[in-house]
Each structure stands twice: as structure tokens, then as C-alpha cells.
Amino acid sequence: MDVLGLLIPVSLFLGLVGLAAFFWMLKRGQFEDPEGDAHRILRDDYDDAPKG
Amino acid sequence: MLSLPGIHCAGCISGVERALMATPGVRDARVNLTMKRAAVDADVEVTAEALTQVLERAGYEAHELDPGILATTENDRRGRDLLMRLAVAFFAMMNVMLLSVAVWSGAEGSTRDMMHWISAAIAIPAVIFCGRPFYVSAWSALRVRRLNMDVPITLAILLAVGTSLYETANSGHHAYFDAAIALCFFLLAGRYLDHRTRASARSAAQELAALEVPRALRISAKGEETVSVSELTVGDLVQVKPGGRIPVDGLVTEGQSEIDRALMTGESLPAYAGPGDAVSAGEVNLTGPLTVEVTAAGEDTALHRIADLVAVAEAGRNNYTSLADQAAKLYAPGVHILSVLAAIGWWLYTQDLRISLNIAAAVLIITCPCALGLAVPAVTTAASGKLFRRGLLIKDGTAMERLAEADTVVFDKTGTLTLGAPEPADLDTHSKQSLSIALGLAQASAHPLAEALTSALRKRGVRPARLEAVTERPGYGVEATWKGQTVRLGRASWVGAEAPDVTATFLQIGDAAPETISFTDSLRPGAEEAIAALKAQGKRLILISGDTKGAVSRFADTLGLDEVIAEALPAEKAAYVTDLTAQGAKVLMVGDGLNDTAALAAAHVSISPASALDAARSASDMVLLGRDLSPIADAVTTATQAKKRIHENFTLATIYNVLAVPFAIAGLATPLIAALAMSTSSLTVSLNALRLK
């Protein structure tokens with residue numbers, strides 16, 4: 004049972020990391036254009052060098 | 067900000083962005099495929115018109131959008147806020163559930179207490195944060211002494227958390243932290259779906275409105291300047307170019323032209339306008355440039371008076387109670403009474419406040435409207451998504467329910483069942499020579515009849531005759547010299563012919579008798595299918611138009627419409643719709659013109675095509691995005707299905723409640739049973755909604 008003392012904080016921490024990541028994505032507007040992003044990955048404009 | 071209705075793939079994104087970035091002065095351009103828009107960051111001297119031309123050359127249809135009207139940031143913030151709360155609720159629910167599983171599977175004593183305390187530590191802050199939309203709404207309802215759906219929700223959450231905290235402190239067996247937070251999660255999911263449907267419809271509707279950037283060309287002492295229509299005052303002189311919409315009510319001071327009043331009155335024949343004639347806002351100038359002295363601008367124009375009629379009619383329609391509201395009205399008091407009765411019963415039986423409060427909380431949680439909160443939004447989201455893909459935009463939340471009830475369909479003619487674009491009818495009766503002269507003359511004019519004639523004749527392979535000294539006489543027609551003879555194409559009175567009751571133009575060669583070239587308005591694609599399908603569904607179909615009797619009845623015959631009303635004035639149209647409603651009919655009005663606007667607003671539910679005037683679109687509940695009319699029939703079918711699904715969902719939710727409530731009242735409901743009932747009912751309701759696809 005002692006392991007619970009470790010596992011519960013660990014699972015909570017991982018969950019919080021996920022939540023924080025979601026907030027960050029939301030703030031950065033990464034859900035503004037889901038359809039466009041799905042298509043953007045297919046084009047080869049910036050395959051050789053990233054956009055400046 | 068540009069609207070790009072035609073883009074659909076990765077190639078389009080690259081093409082548009084590359085074309086925009088290559089334009090000098092453009093700093094950054096980004097396409098949003100979901101909204102079909104491009105946001106451009108450019109120097110001040112780069113105009114939107116220049117950019118649309120760049121894109122049109124690159125092969126993409128583009129329109130300027132008025133960013134002032136769009137102002138979607140507010141909506142976005144609300145959606146983002148809901149999404150954030152939803153994410154927190156999900157996180158908390160999953161963690162609390164995980165801990166609860168340990169309790170359900172038999173943790174005892176201090177382990178159970180510890181699990182409960184950790185659950186409380188997660189759930190209480192989460193519930194306070196996530197439930198805020200419900201608390202605010204419940205409080206505002208209570209303040210005006212009313213009950214809404216959020217009152218039992220808030221009470222259930224608070225009571226569940228409160229009793230659970232008390233139980234935990236006294237190392238009791240049952241804690242409902244998981245139920246409280248799951249409740250928040252499911253209800254927030256419903257709220258978010260609801261918000262997204264509304265927000266996307268609203269932003270698309272705003273986009274339609276933003277397409278018409280209201281500008282006018284004012285002539286002042288300093289010369290011509292482009293100003294916003296709202297800046298015009300009475301007495302200003304405004305230049306209206308051929309093809310432009312007249313921005314104000316006024317008197318023509320200079321120039322001669324023909325104006326298209328179809329959107330205002332429904333007449334399909336253009337009317338002549340010269341110095342001294344009155345024109346009103348919303349009419350389209352066809353042939354020659356006009357200078358108009360403003361007699362009324364902004365709020366005083368005829369256009370605005372019609373908009374006022376709309377406001378009055380809309381206020382009447384707001385009385386419609388949606389299915390969800392009807393359910394909430396029955397539900398909210400019922401649940402409270404039930405839980406209070408359960409609490410009183412147990413208190414009388416055991417004299418124990420703790421048990422009776424626990425029972426009351428269990429009843430509230432079990433009955434809580436997770437499924438009810440999801441039942442309607444899930445179905446409307448699925449249905450409106452389906453219709454959006456078919457090219458129909460739903461602007462109003464209850465439009466779908468109202469559409470399902472419609473039993474009478476009233477159509478406008480010009481611009482709705484027809485494209486509002488004329489087509490020459492009897493070209494075969496004319497000689498080759500006349501046709502080639504007609505083409506030579508028609509080419510020189512931008513009048514819609516001339517343009518229609520030009521394209522029809524070119525399609526037939528007619529070659530234009532060689533003409534000299536071609537001049538356009540604004541308001542009359544085109545004149546030229548052909549082999550020494552004067553040839554004319556234009557109005558009846560100008561060439562000395564008698565005006566018929568159909569749309570027509572006249573060709574005169576030398577002194578010969580004028581030849582008539584008559585036009586029919588071409589049918590909107592899908593109109594026949596839509597009418598046939600609606601007839602098959604047993605709807606009563608009526609055609610109502612401001613056009614002349616002859617034109618309307620001939621048109622009705624070709625479509626097989628029996629009930630026809632012609633020469634109707636705007637107020638008569640609205641009155642007719644109101645009469646039908648008074649007789650107990652639920653009217654679906656389909657129209658596009660300003661003259662239809664009041665009728666659109668007065669009808670039970672209304673649809674307008676995207677080509678309709680701004681005022682007509684904003685008065686209607688749904689907007690057809692394409693040229694095709696056939697989605698109307700689909701929309702009715704989908705709406706009927708959607709309504710059926712909503713009813714099914716209510717039934718499902720009620721069945722769950724009826725099954726689970728006795729357990730709760732009997733004191734047998736454990737947190738496990740509550741969690742199971744809540745999740746299964748929410749899931750079944752959502753899955754049932756998805757069947758609509």
C-alpha cells in the first residue's frame with residue numbers, strides 16, 4: 004500500500020502536465036483552424052527549410 | 067480580412083498564401099481553411115480590392131470582409147472559456163474516478179478515508195471553477211424568482227459536495243465527489259456543443275453581412291471621395307456607378323439610367339430613372355452613372371423602415387419556447403419536489419438529518435439532467451453539421467424545431483425560385499442577320515438584358531455584325547450605324563413599339579418594324595426538385611410575388627404551383643403570411659428581396675438564399691449558401707428527423723430517471739450506481755444523436 008503514496012501524486016502530476024499543455028495550446032490558438040492544419044502538413048513548401 | 071468561399075485543399079492554401087505574399091506591401095498572410103478566410107497583414111496603401119484582384123487572377127474567388135462587423139473575438143473568448151472549464155472538469159473527473167474505483171472495489175477504513183480526502187482536494191476546487199457558468203445562470207434566474215435548468219444543477223452539485231465533505235469528515239461510506247464533477251463535465255460538454263453550433267452559425271452569418279462593405283462615392287468641392295454610408299448627410303451628392311447599389315434614398319440630379327428594383331419590389335423589369343426621379347436605397351443602378359442628391363440617409367431610408375417592420379415581427383416570434391425550455395419547465399420543479407419529499411419522508415422515518423440529506427443529494431444527482439442537457443445540443447450539432455455540408459446555414463437555435471413543424475411553404479418568385487438573371491427566349495424566330503446586329507449592339511452595353519443576350523448569342527456561335535458609331539443612350543438602349551442605316555436595341559418606347567407584359571428588348575433596323583426579343587427568368591437550379599420533394603411531403607405550396615400577373619402565372623404553371631398571388635406589396639406579403647398563421651398554418655417563407663423581409667420575419671420559420679439582401683438574410687433563420695434550392699427539401703426532412711431524435715432522447719433520459727429514482731429514494735443508490743446511470747444515459751443520448759448522419 005505504501006506505493007500509493009508515490010503513485011497518486013505521480014498520476015496527478017502527469018494529469019496536470021497534460022492539462023497545462025492543453026491550456027497552452029488553447030492560448031496559442033492551435034485549435035483555430037483544425038481543417039487547415041490537417042491539410043498544411045501535406046504540402047511541401049517548407050520541407051527543405053522552415054519558414055523564416 | 068478576405069473571404070475565400072472556393073478553397074478546399076492544401077494546394078489552395080499554398081496558392082493563396084503565395085499569391086498574397088508576392089504582392090508588394092503584404093507583410094504576412096495566413097489562410098484559415100475551417101473558416102474559409104485569409105487574414106492579411108499589409109501596409110496601409112494596399113487595398114482589399116487590389117488583393118481580391120490578385121487572388122482572382124490566381125484563380126481563387128475572393129471577397130472583401132468588413133472586419134468591424136465580424137468582431138468574432140467575443141464569441142471566441144466564450145468558447146475558449148467553456149473549453150478550458152471542460153478540460154479542467156475532464157482532468158478532475160478522471161482522477162477522482164480513478165480514486166473512486168478503489169473505494170468501489172472495497173477499500174476500507176483509513177485507506178477509504180484517504181481516497182475520499184484526496185478526491186475532495188481535487189473535486190472541490192474543480193467544481194468551484196467548472197460550475198461557474200451554472201451558478202451564474204442559476205443565480206440570475208433565482209434573483210427574478212424563476213426556476214431554470216441550472217437551479218437543480220447548482221443545488222445538486224452543492225448538496226453533493228457538501229454532504230460528501232461531511233461524510234468524509236465523519237469517515238462515512240459514501241462520497242459523491244465523482245458524481246458532482248462528472249455532472250459538471252457532461253453538462254459543460256452539452257453547453258460547449260450548443261455554443262459551438264451557435265457561434266459558427268453566427269460567425270458565418272456575420273460573414274455574409276460583412277460581404278457588403280457599405281461605402282459611397284461622395285462628390286464634394288474637393289472632388290470625389292469614398293466615404294462610409296453612415297457619414298452621409300441630407301443634401302450630399304453621391305455618385306452611383308453602373309452596376310452599383312444605391313446607398314441612400316434620394317433624387318437623381320444628373321445622368322440617365324435604368325434601375326433594377328427587384329430586391330425592393332419584386333418587379334422583374336428595370337425601371338427608367340432620370341433627373342428629378344426618386345430612387346431608394348437598395349436598388350441597383352444598371353446602365354449609366356447617376357448623381358443622386360441624398361434626401362434620407364442611414365436610419366431614415368426606406369430600407370431601414372422595412373428593417374423596422376422586421377424588428378416588430380421578430381419580437382412576436384421570440385415567444386417560441388424551444389423543446390429544451392419546455393422540458394426544463396416541467397423538470398426543474400418536479401426534481402425539487404421529489405428530493406424534498408424524499409428528504410422529509412426519511413426524516414420522519416428515521417429522525418436523522420444526516421441520512422435524509424444524503425438521500426436528497428442522491429435523488430438530485432440521479433435525476434440531474436446530464437442526458438437532458440446533452441439531448442438537444444447533441445442532436446442540433448449533428449443536424450446542423452449535416453445541413454452545413456449540404457450548403458444550408460442555420461442561424462437560429464430553435465430554427466430546426468420550427469422547420470420540422472412547418473406545413474405550408476410560401477415562395478417568392480424573383481431571385482428565389484428564379485436566379486433573377488434573364489435569358490433570351492425566342493431567338494429562333496429571328497433571322498441570322500438580325501441576331502448578328504443584335505449581338506453587335508448588345509456587346510456595347512452592361513445592361514443585364516444586353517449581357518444576357520450577348521452570352522446567349524455567343525453560345526449559339528453568332529458573329530457580331532460590323533457596326534459603326536456605337537453609342538449607349540443611358541436609360542434607352544444602344545444605337546449604331548450599320549450599312550448606312552440606323553440600328554437600335556432598347557426600350558419599347560424608344561424604338562416605337564408597344565410595351566408587352568413580359569421582359570423584352572427591341573431591335574429596330576432602319577425604318578423596319580421593331581423585332582421583339584423576349585426574356586424569361588431562368589429557374590434556380592434545384593427549384594423543380596425542391597418543389598417536387600416538398601409536394602411529396604404533403605406541404606401546401608404558395609407562390610407570392612410583386613411581379614405582374616402574367617409573368618407570375620406563366621411561371622407558376624411551368625413549376626406546377628397552383629396557389630399564386632401576384633402584384634403583392636411588401637406589407638401585403640407580410641399580412642398574407644400573418645393571415646395564414648392566424649388560420650393555424652405553420653408557414654415556411656422562402657424569399658430574398660427587401661419586399662419579402664417583413665414576411666420572412668413574420669413567418670414561423672424562414673429561409674433566404676445567400677444572394678439575398680443583407681436585411682432579408684438577417685431576418686431569416688436559415689441561409690442557403692449555394693445557388694441550388696434543393697437543400698430546402700433535405701432541410702425539412704433532416705429537421706423532422708432531428709425533432710424525432712430529440713424526442714427519443716428525452717424519452718431515453720426519462721426512462722433512466724424512472725428506473726434509477728426509486729433506488730435513490732429507497733436509499734439504495736450508491737455512488738457507483740449514480741456514476742453508472744449518469745454515464746450510460748449521457749452516452750446513449752449522444753450516440754442516438756450521431757445516428758442522424
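If you read the sequences in order, they're chains A and B. Numbering-wise (the numbering used here), the first sequence opens with residue 4 and increments by one. Numbering-wise (the numbering used here), the second sequence opens with residue 67 and increments by one. The C-beta atom is built at its ideal place from N, Cα and C for all residues, glycine as well.
Does any residue of chain B have a CB that is nearer than 8 Å to the CB of residue i?
i	result
R31 of chain A	no
L9 of chain A	no
D36 of chain A	yes
Taking the beta carbon of residue i as the centre, do at least 16 other beta carbons fall within 10 Å, making it buried, or is it exposed?
i	result
G342 of chain B	exposed
G481 of chain B	buried
H182 of chain B	buried
Y415 of chain B	exposed
C75 of chain B	exposed
H713 of chain B	exposed
S286 of chain B	exposed
K307 of chain B	exposed
N723 of chain B	buried
A596 of chain B	buried
H513 of chain B	buried
T547 of chain B	exposed
K615 of chain B	exposed
F157 of chain B	buried
W412 of chain B	buried
Q417 of chain B	exposed
Identify every residue that forms a DSSP beta bridge with residue i.
i	result
E359 of chain B	B:L303, B:L317
A337 of chain B	B:I325
D587 of chain B	B:P488
I410 of chain B	DSSP output for I410 of chain B lists no bridge partner at all.
W548 of chain B	B:Q551
S286 of chain B	B:G289
W631 of chain B	Sequence inspection shows Ile at residue 631 of chain B; the Trp mentioned does not correspond to that position. For I631 of chain B, which the question treats as bridged, DSSP gives the partners B:I610.
E538 of chain B	B:V544
P675 of chain B	B:L690
M655 of chain B	B:V476, B:S672
E233 of chain B	E233 of chain B pairs with nothing; no bridge assigned.
Which residues of chain A have a Cβ atom closer than 7 Å to the Cβ of residue i, listed in chain order?
i	result
A76 of chain B	H42, R43, L45, R46
L771 of chain B	Here chain B covers residues 67 to 759 and nothing more, so residue 771 of chain B does not appear.
Could you name the residues of chain A that residue i contacts, counting a contact when the two beta carbons are closer than 9 Å?
i	result
A701 of chain B	By Cβ distance, chain A contributes nothing, its closest Cβ being about 23 Å from A701 of chain B, past 9 Å.
I184 of chain B	I11, L15
If distances are taken between C-alpha atoms only, which option among the options comes closest to residue i?
i	options	result
I247 of chain B	B:I223, B:T263, B:V345, B:T234	B:I223
G39 of chain A	B:H496, B:S80, B:T89, B:A602	B:S80
A682 of chain B	B:A640, B:I188, B:T717	B:A640
G197 of chain B	B:A508, B:T220, B:R93, B:L483	B:T220
V702 of chain B	B:H239, B:A449, B:A444	B:A449
R539 of chain B	B:K549, B:P530, B:G556, B:A531	B:G556
K549 of chain B	B:M180, B:L533, B:Y542	B:L533
P191 of chain B	B:D587, B:V169, B:S206, B:L231	B:L231
H42 of chain A	B:G543, B:L149, B:C250, B:N98	B:N98
D577 of chain B	B:V561, B:F716, B:L352, B:I583	B:V561
P488 of chain B	B:R468, B:K461, B:S521	B:S521
E359 of chain B	B:R327, B:P399, B:V304	B:V304
A667 of chain B	B:A676, B:A651, B:T644	B:T644
Mind pulling the chain B residues with CB within less than 7 Å of residue i?
i	result
L17 of chain A	What L17 of chain A touches in chain B: nothing, since even the nearest Cβ is about 10 Å away.
Compare the C-beta of residue i with all C-beta atoms of chain A and state if any pair is closer than 8 Å.
i	result
V92 of chain B	no
R146 of chain B	yes
F195 of chain B	no
A153 of chain B	yes
T100 of chain B	yes
N161 of chain B	yes
V97 of chain B	yes
I247 of chain B	no
Along chain A, which residues have their Cβ under 8 Å away from the Cβ of residue i?
i	result
F157 of chain B	G18, L19, G21, L22
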